Amino acid sequence: MFAIDTNVLIRYLVNDDAAQGARARALVDRENVWVSKTVVLESAWVLEAVYHFSRKDVIAALEAFFGLATVQVEDEAVVARALVCARAGMDVADALHVAGTPAEAEAFLTFDRALMRSRPKNPRVQLVP
726 MFAIDTNVLI RYLVNDDAAQ GARARALVDR ENVWVSKTVV LESAWVLEAV YHFSRKDVIA
786 ALEAFFGLAT VQVEDEAVVA RALVCARAGM DVADALHVAG TPAEAEAFLT FDRALMRSRP
846 KNPRVQLVP
């Protein structure tokens, strides 16, 4: 198994550099790869900010990649919950933060009012008192 960097995942998805895209595809097609949550976070940001993917397209691309037989994602259940929240309107980064909040935490506290408006009916997300 190989852990991959954001640039490998991006080359696989967007193929904007033909040589690197081919190498990324060959690697993922023949080897098991592991994707950290930080690579998920950075990849979502790069796809939106650099490649101008819509949030819907970011989520679809990541889900397709994570669905490949050779791909293993760190804390897969957390990432899956985060993508559900992102699909419902949350920013992918915020969704990962909220989805990764441990059960023993009383709440996920924020000053971000936009997050409060976008969260999908999650009573654990609260403004700092």
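Okay, so the sequence shown: first residue is 726 according to our numbering, each after it adds one.
In this text, a Cβ means the ideal position worked out from N, Cα and C, and glycines have one as well.
Note that the structure is a prediction, hence the values are computed from the model and not measured.
Separation of residue 817 from residue 840, as counted between CA atoms
Taking the first residue of the sequence shown as 1, we reach residue 840 at position 115. Taking the first residue of the sequence shown as 1, we reach residue 817 at position 92. Roughly 11 Å between the two C-alpha positions.
Does the structure place the segment 745-758 close enough to the segment 771-784 that three or more beta carbon pairs sit under 8 Å?
no
What's the C-alpha gap between residue 755 and residue 761?
Position 30 of the sequence shown, counted from the start, is the residue given in the question as residue 755. Position 36 of the sequence shown, counted from the start, is the residue given in the question as residue 761. Their Cα atoms are separated by approximately 19 Å.
Shortest alpha-carbon distance to residue 811 belongs to which of 766, 741, 752?
Stepping through the sequence shown from its first residue, residue 811 is reached at position 86. Taking only the C-alpha atoms, the option nearest residue 811 is 766.
What does the alpha-carbon distance come out to for the pair residue 726 and residue 794?
Here residue 726 refers to the residue found at position 1 of the sequence shown. Here residue 794 refers to the residue found at position 69 of the sequence shown. When rounded, the distance between both Cα atoms is 12 Å.
With C-beta atoms as the reference, is residue 867 less than 7 Å away from residue 833?
Within the shown structure, residues of the chain are numbered from 726 to 854, placing residue 867 beyond reach of any answer.
Rounded separation between residue 763 and residue 728 - CA only
Locating residue 763 in the sequence shown gives position 38, where the first residue counts as 1. Locating residue 728 in the sequence shown gives position 3, where the first residue counts as 1. Looking at the two C-alpha atoms, the distance is approximately 12 Å.
Continuous alpha helix (DSSP H) stretch holding residue 840: start and end:
On the sequence shown, position 115 is the one that residue 840 refers to. Element bounds for residue 840: 838-843.
Along the chain, where does the alpha helix (DSSP H) containing residue 753 start, and where does it finish?
Counted from its first residue, the sequence shown places residue 753 at position 28. It spans 743-755 - the alpha helix (DSSP H) in which residue 753 sits, taken as one unbroken run.
My parser needs the alpha helix (DSSP H) runs of 4 or more residues fully inside the segment 765-830; what are they?
780-791, 801-812, 817-824
Could you check the C-alpha separation between residue 827 and residue 799 for me, to the nearest Å?
As a working mapping, residue 827 is identified with position 102 in the sequence shown. As a working mapping, residue 799 is identified with position 74 in the sequence shown. Near 15 Å, if we compare the C-alpha coordinates of residue 799 and residue 827.
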